[in-house]
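Count the sequence shown with mature numbering (1 follows the signal peptide of the UniProt record, and there is no 0) and you get residues -22 to -1, 1 to 1113, in order.
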Amino acid sequence: MFSKLHTTALFLVVGILQLARSFNVDVKNPLVFTGSQEDMFGYTVKQFENDEGKWLLIGSPWEGQPINRTGDVYKCPAFKTSNPECVKLNLAAVNTVAPTVKACKSRLDIVIVLDGSNSIYPWTSVNNFLIKLLEKIEIGPQQTQVGIMQYGHQVTHEVSLNQYSTTEDLLEAAKEIKQWGGNETKTALGIEYARTKEFTEARGMRKGVSKVMVVVTDGESHDSYNLQNVIENCEKDKIRRFAIAVLGSYNRGNQSADRFLKEIEFIASSPKDKHFFNVSDEKALVTIAEALGEQIFALEATSDQQAASFEMEMSQAGFSSHHTEDGIMLGAVGAYDWNGTVLLLKNNDAIIPGNESFLNKSKEVNEPLAGYLGYSLSSVSVPGDVWYVAGQPRYNHTGQVIIYTSKGKKIRIVQTLKGEQIGSYFGSTVCAIDVDKDSLTDILLVGAPMFMGTEKEEQGRVYVYNLIENEFRYQMILEPLKQQCGCHSVSGLRAEKFNEVTTDDRKCPHLLKQPCGSRFGTAITAVSDLNLDNYNDVVIGAPLEDSHKGAVYIFHGSGTTINKKYSQRISASVPAVDFNYFGQSIDGQMDLNDDGLIDITVGALGGAALFWSRDIAQIRISKLKFQPNKINIQNKNCVIDEKPTVCITAELCFNVNLKSGKKPSQPSVLEYNITLDSARRTSRGLFKKIHERNIRGNITLPLYSCAEHIFYMLDAPDFLNPVEILVEFALSNPEEGPVLDASLPNERKALVSFTKDCGEDEECINDLTLKAQADLKGNRMKPHIVQSNQKKFSLVIKLINQKENAYNSRITVTFSKNIYFTGVEQNDDCMPSESNNVTCKVGYPFLMPGAEVSFKMKFEFNTSHLLSDVHLHLEATSDSNEQNETLSDNEVTISVPVLYEAGLLFSRTIKTDHFKIAANETIPDVIKTTEEIGDAADITYMIHNDGVFPIPYLRMTITFPYTSPANNTLLYLTGITFSSNNTVSCLDSQFVDPLKIQAKNPHKPSPVEEYFINSVGICENNEGCADFSCTIYPSSLINFKMSLRIWKPSFVKAKFNSIGLNITATLTIEDSSLVVLNKTTERTMVTLTVSKESHGGVPIWVIILSVLAGLLLLALVIFALRKAGFFKRPLKEKM
């Protein structure tokens, strides 16, 4: 046994917190005491003072093991010395209240029937249970004999009744028993095997000796249909049966255990309350081993008729204790067949309540079985009375707390508090607390340390009840941090497979072999005011946290309750000392180092640690002033970077006090940070020294208490709203000396206002008038046409202020998504804040009365987002105020309907458009090829798309004269070709080479003679025209070739001189109401001229007309000569 002080070896993990948080329990320099883990040194801790000084009392309940576990207490010095050591007190019992239980010497033949199926996990818990049960039994041929077997889907014999003659040998054998496994739980098979095979003379059964069977199982049997007959046979053979239900798999799988519990209760002998047990999981088996052994031998020591009279013989009085105002409470969990009771010692008299004193017959549905009343104790102070509190964690499997008064042996139950989860051990710890120090109880805390969390870990929780009008009312639940439990499957168990351990589970490297979680609430202790706020506090232990290293949580009091959020978590990890279960015991009522502060002691398995509390510093900002106290932007009082501006001096002062009332023993260094315009993303000022918005500094208190810093203003648009100054501070070394008071702010804000030229009231009232006009013209009847080469337009804006200064005046322009902002003229302070929003600041820093500002914004149409209207909304605002009656002219809305002109160029080319029919042309008998039809007319259409505005697709419709009025063919379409088959699709099958002319399919023409007039070739006047359509998908350039033939037989037969055939191509845009075509490009026409020569000689009418014309010409010549006097000249003159 060793117990030395370790001053440097305890490292504690604490959460990351703000600098100003009041974590005043020092976790860096504790006193650590260590002892034997086997003796459970540190199981309990108590702070103590006598004439010799202040001490820690540390319990070691298994001191003296393995022979005599008498236990003892160690006294450890609570002061620093060079080599302090704990001293064992060697306490001896000077008085006893209840008799102790001696080793059992009865003659019994006991067979233990173990469920060895896969669902039992971990199996080491079963071994520990066997060892705990068997170690107090005297094994021998003339004492008790024990046989052991296990079962799953089949049975396995382990130990015969007469195989071992000493307890030691049997214990060694029990340690080596291994789990055989199995996917089924055949409980009836196991019991019948024990009755017929184990209870036989061949395996050591003795005639005339009482037979006892102990059945341990964790699930419903797969052969329950045989249980009725099997139990009846056991009754005939007079085998007394103890049945233990292990609820581990049900709790882990969050399943109902009602049917299982009924089945196991059926297996147990009567009376059921003495033969039926249940535990929360496999680990908890060891906790009932001693009680089970005592029950077995107690029943054997009495007749069946007297079995119910077993009362205080094994009461375990003193299992728990509590000092009240009027006496001492002692818990006796073993009394009355482990239902338990509470003894009250007053004036050297022991008041022992009767068996039914704590039963409420009107409310009890079932008689309580092994409830462990007295497991935990406390007392409640109410005006004029004292209430007693006793926990009963196994009551009805969910636990309860009984609050009662005692007048002699008369018990009056004031209230009962019920648990909510099976196996949670609700009531295993109770703690009544006077939070506000008025000598009356305010709250009651009830621990349920084995409460299962969402991942079936033993998270634990603590229930808080307020005492209101002489009744405890539920207030809240306290819970620990979530713990990680190895692999995803916490225990490696699956309920649907009867919790069979899977192959993946066996591979899990972190599969825990012990309970996982926190067991938060294992210890709950009220501690005197830790943080000096005049409210008592609470410390709660969670010994399973951090893989069983353990932790404690500190909750500060407030008003008449405690805060739901813990104030400090101390998690122990000590490399030099192997601590486990840190937090299993706690005490904190004394100032052990005379510094005026309460200190905390925490016990662990094999040790304890004493944590010193640190004083709390109350630091306040006593002065935060500015000179000048207002910012006048027109009064430049300093020059920064050769530019005049405004400078302000900030004076900052602190003062400090310690909550303990003591004067600071040494100066404290305080760090502070000042932020300009802390509420804004961009600051309007910078500190002169560093040209940054933040400046850091430190100050030593109380030697120096003030500091000065100068900052200057930048050119900024907002000179109306004040500048917010934020000062934050913290101690430079938070791990030493006092800590900051969490109840006081560690920051302060101040506002520095601007002076305003707005009259005596300094309230600026402006009157803004906004005007705007866009150079877009259009209405619903005639929308504005947006051309691909004219996508830009301008918006002229004018803002007028007709009253007082308009500070930070600005115009926000919101526009539709079919346009975007491209720039601005005559204003350099426009900023797009969103994709369709621009804010322009007007005037710096304010718009004066009567001022008028104009500027022009530029926009461009968004070719990828077309809308039917251009919408612009303008709004003028400022940081000054404006009366409601003048706000109507602060907004302008412009909406112009628009259409978008497709950038298409539609053209056509043709090589030959004039064709002649010779006078001697004849009609062929048959036409064997398309070349024999007549002359070819090839027309090429070209569509060029600049792609500025999106076009879904085009439709081109072509119309041409197909037949004459006499149904003679005029033009014959022989083919259509495109530049790309992916861009054009035509519905032309009935017009392209409809006769399918070829050598194998010749055509015999038979035209009808008719007279052709000019209207024959114009489709508007000829019903014989044909048309077809082609769908054209967008492309930059599309060539479309149309091949025609003049149907020569029709023209040879017809009578005409010359005729024009009009071929028209028309473009339209489909599925687009916004994109239109230019009228000049949507249609093009080709005219094919066909002329015919006359048959031999000149026609008679031509001759007649020629003669008449010649005679007329001769007459005109004669008339002219006559007028000239030609015929009047004498003949002789001519001679």
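Ideal Cβ placement from N, Cα and C applies to all residues, glycine included.
CB of residue i within 8 Å of CB of residue j, strictly
i	j	result
V580	V530	yes
E1060	T1042	no
T503	P521	no
F732	K608	yes
I90	V65	no
I421	N444	yes
G585	G20	yes
L69	V51	yes
N541	K415	no
N333	E289	yes
S846	L1052	yes
D1005	T1062	no
S794	H849	yes
L948	W1025	yes
V774	Q751	yes
P761	L877	yes
D924	S766	yes
Beta-carbon separation (whole angstroms), residue i vs residue j, contact threshold 8 Å
i	j	result
E879	E869	About 32 Å separates the two Cβ atoms, so there is no contact after all.
T623	K614	6 Å
G397	G425	Wrong, their Cβ atoms sit about 10 Å apart, outside the cutoff.
P716	R592	6 Å
H851	T871	5 Å
D93	V194	6 Å
E740	K734	5 Å
N711	V647	7 Å
A977	K1070	About 29 Å separates the two Cβ atoms, so there is no contact after all.
L630	C684	7 Å
P985	P1027	5 Å
Q294	G312	4 Å
F990	I895	That belief does not hold up - the Cβ atoms of F990 and I895 are roughly 11 Å apart, past 8 Å.
Residues of its chain near residue i, where Cβ-Cβ distance is below 7 Å and the 5 sequence neighbours each way are ignored
i	result
V392	W365, I381, Y382 and T383
L322	G305, M307, I329 and S384
D903	K982
K1101	none
residue 1114	The requested residue 1114 does not occur in the structure, where the chain is confined to residues -22 to 1113.
Cβ-based neighbour list, residue i, same chain, cut-off 8 Å, excluding 5 preceding and 5 following
i	result
A628	L602, K603, F604, I652, E686, H687, I688, F689 and I703
F476	Low confidence applies to F476: its pLDDT is 29, below 50, so where it sits in the model is not reliable, and the reading given next is rough at best. If we look at F476 and ignore the five residues flanking it on each side, its Cβ neighbours are S95, N96, S97, N161, E162, T163, G197 and S227.
N- and C-terminal bounds of the alpha helix (DSSP H) containing residue i
i	result
T102	T102 to L112
D924	First-last for D924: undefined, no H or E at that position.
W316	A313 to W316
N46	Per DSSP, N46 belongs to no alpha helix (DSSP H) and is neither H nor E.
L239	D236 to I245
V208	L205 to K214
V1030	K1026 to K1031
G168	T165 to Y171
Cut-off 6 Å between Cβ atoms - residues of its own chain near residue i, not counting five sequence neighbours on either side
i	result
S858	C742, N744, A784 and Y785
G438	P427, F429, S496, R497, F498 and G499
V360	none
L570	K32, A56 and D577
D693	none
Endpoints, beta strand (DSSP E) assigned at residue i
i	result
T941	Careful: T941 lies outside any beta strand (DSSP E) and carries neither H nor E.
L773	K770 to N779
S359	S354 to V360
A628	C625 to L636
C-beta neighbour in chain C for residue i, strict 8 Å
i	result
S95	Considering every chain present, this structure includes no chain C. It has just one protein chain.
Can at least three beta-carbon pairs, one atom from the segment 706 to 715 and one from the segment 825 to 842, be found at a separation below 8 Å?
no
Flag this pair as touching only if the segment 1045 to 1065 and the segment 876 to 892 have three or more C-beta atom pairs under 8 Å; answer yes or no.
yes
Per the contact definition of three or more C-beta pairs closer than 8 Å, is the segment 890 to 906 in contact with the segment 930 to 943?
no
Segment contact flag, the segment 912 to 921 with the segment 1083 to 1092, C-beta cutoff 8 Å, min 3 pairs:
Touching, no, given that fewer than three Cβ pairs across the two stretches are closer than 8 Å.
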